[in-house]
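Chemist: Dropping a structure here in structure tokens format, bear with me for questions.
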Amino acid sequence: MQGQKQGMRLSYLGSDAEEISDVLTRCIGPVRVQQPPKTDLSYSYEFVAAGRVAFSRVASQGSLSIGQRDEVPKLLILLPLHGSACVKIGKESVISKPGHAAILDGNRLSELQVEKVRSHLSLVIDQRDIFRQLGTVLERPVYGALDFVPELDLADGTGEIIFKLSQIIAGSLGSDSGIPDMPHALSYLSGSIVSLLVDTVPHRFSGALSQGEWLPSPKHVKRAVDFMHANLRAPISMSDIAGAAGIGVRSLQEGFKRFKGTSPISYLAQLRMEAAHRDLLEADQSVSVAEIARKWGFRHMGRFATEYRKCYGCPPSEARKGRAPS
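Be aware that the sequence shown starts at 230, since it is given in our numbering, and climbs by one per residue.
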């Protein structure tokens, strides 16, 4: 995860909103903490980067609001232990209370408003990790909005399992931890949480998983994909792809819809976006964003920048400066 190393740990106890902002920004992303004037605040925060999930235990007393300062390509899951809080996502609101997890998409600016006494566990997952897992299963590039359901029942099914695994991880936090340092075990547990989330909690790609897009692609679809990879920089057409696969255009479209969940042209655009992303991160700094975009067939810079931000959570100019993780 960005800015976090495997096994990274942090503990904080204080009452200064600016200090809390700095701590949370370091661990989960750019946030701003505010408290009403002339009010008391106590905030305890324990954090560990446990493999594929960053995990924290939070306890606060007093009124405060925690708002995002920028979009981040991460998924935040709040597991309340005590007290309620109001989560505002755009114009929508969700009440975070014991027994119900709140699932927040960091690409949509949100704010957490807390009153009185509150404690919760939280999980932060890099969305790119989820995209990689889905891409491996579906045998196609995956990006865009994940659209997980915003709430999850913690008393039954997947929610109960995730909550119990999280409580186990919570036992490794703090100076009084009864669990010895065990990064590999924490990594395994966090991987189980991500797999459970992807496989069983409804999201945008659940239909593709349930409809069999995970099945091995037939030979003609694989031939089409191989042809795309070999000609990413060439101006190829649907007819070219179908000819290389040895089938008609209509059969090609049906095969991609069935086994890749998208059209051949959209799949090709996804491959080209991935190639442009790699170049933005790895190419010499003297090479401009526009040159890289044109190299991979993107002619409209505004449209390219918009699509890139949807995929990777930042504008291509930031990736060019080396601030976006691969």
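We put the beta carbon where it would ideally sit given N, CA and C, even for glycine.
Excluding five sequence neighbours on each side, which residues of the same chain lie with their C-beta closer than 6 Å to the C-beta of residue 244?
Modeler: Answer for residue 244: 270, 271, listed in chain order.
Chemist: Taking Cβ positions, are residue 287 and residue 339 nearer each other than 8 Å?
Modeler: Contact: no.
Chemist: Grouping DSSP H, G and I as helix and E and B as strand, with all else coil, what is residue 293?
Modeler: Reduced to three states, the DSSP call for residue 293 is strand.
Chemist: Give me whichever residues DSSP pairs with residue 486 in a beta bridge.
Modeler: Residue 486 is not bridged to any residue.
Chemist: At which residues does the beta strand (DSSP E) containing residue 364 begin and terminate?
Modeler: Residue 364 -> not in any beta strand (DSSP E); alpha helix (DSSP H) instead, spanning 356 to 367.
Chemist: Mind checking residue 396: buried by the 16 CB within 10 Å criterion, or exposed?
Modeler: Exposed.
Chemist: Three-state secondary structure (DSSP) at residue 537?
Modeler: Of the three classes helix, strand and coil, the one that applies to residue 537 here is helix, per DSSP.
Chemist: Buried or exposed for residue 484, please, with buried defined as at least 16 other CB atoms from any protein chain shown within 10 angstroms of its CB.
Modeler: Per the 10 Å Cβ criterion, buried.
Chemist: Nearest CA to the CA of residue 372: which residue from 265, 380, 363, 378?
Modeler: Of 265, 380, 363, 378, the residue nearest in Cα terms is 363.
Chemist: To which residues of the same chain is residue 534 closer than 7 Å at the C-beta, ignoring the five residues directly before and after it?
Modeler: Cβ neighbours of residue 534 beyond the five flanking positions: 544, 545.
Chemist: Residue 497 lies in the alpha helix (DSSP H); which residues open and close that run?
Modeler: Unbroken alpha helix (DSSP H) run through residue 497: 493 to 511.
Chemist: Thinking C-beta only, is residue 305 closer than 8 Å to residue 335?
Modeler: For residue 335 and residue 305, yes; Cβs fall inside 8 Å.
Chemist: Measuring only the C-alpha atoms, how far is residue 429 from residue 387?
Modeler: Distance between the alpha carbons of residue 429 and residue 387: 7 Å.
Chemist: Rounded to whole angstroms, what's the CA-CA distance from residue 240 to residue 275? Just pull it up for me.
Modeler: Rounded to whole angstroms, residue 240 to residue 275 spans 4 Å at the Cα level.
Chemist: Output the boundary residues of the alpha helix (DSSP H) element that contains residue 246.
Modeler: Residues 246 to 257.
Chemist: Where do the ends of the beta strand (DSSP E) carrying residue 382 lie?
Modeler: Looking at the DSSP string, the run of the beta strand (DSSP E) that includes residue 382 is 380 to 382.
Chemist: Less than 7 Å between C-beta atoms, sequence neighbours within five positions excluded: which residues of the same chain meet that for residue 473?
Modeler: These residues qualify, in order along the chain: 452, 453, 456.
Chemist: Grouping DSSP H, G and I as helix and E and B as strand, with all else coil, what is residue 264?
Modeler: Looking at residue 264 - three-state DSSP - the assignment turns out to be coil, as it is neither helix nor strand.
Chemist: Per DSSP, what are the beta-bridge partners of residue 300 in this structure?
Modeler: Residue 300 pairs with nothing; no bridge assigned.
Chemist: Does the distance from the CB of residue 337 to the CB of residue 312 come in under 8 Å?
Modeler: Cβ atoms of residue 337 and residue 312: not closer than 8 Å.
Chemist: What is the rounded straight-line gap between the Cα of residue 399 and the Cα of residue 252?
Modeler: Cα to Cα, residue 399 sits roughly 19 Å from residue 252.
Chemist: Can you name the residues that DSSP bridges to residue 342?
Modeler: In the DSSP output, where bridge partners are listed per residue, residue 342 has 294, 315.
Chemist: Is it buried or exposed for residue 389, if we count other Cβ within 10 angstroms and need 16 for buried?
Modeler: That one is exposed.
Chemist: Alpha carbon to alpha carbon, how far is residue 317 from residue 520?
Modeler: If you take the alpha carbons of residue 317 and residue 520, they lie about 40 Å apart.
Chemist: With a 10 Å radius around its C-beta and 16 neighbouring C-beta atoms as the bar for buried, classify residue 247 as buried or exposed.
Modeler: Exposed.
Chemist: DSSP three-state call for residue 527: helix, strand or coil?
Modeler: DSSP places residue 527 in coil when its eight states are reduced to three.
Chemist: Flag this pair as touching only if the stretch 516 to 530 and the stretch 462 to 478 have three or more C-beta atom pairs under 8 Å; answer yes or no.
Modeler: Enough Cβ pairs lie closer than 8 Å, so yes.
Chemist: Is it buried or exposed for residue 536, if we count other Cβ within 10 angstroms and need 16 for buried?
Modeler: Buried, because 16 or more other Cβ atoms sit within 10 Å of the Cβ of residue 536.
Chemist: Does the beta-carbon distance from residue 421 to residue 279 come in below 8 Å?
Modeler: Contact: no.
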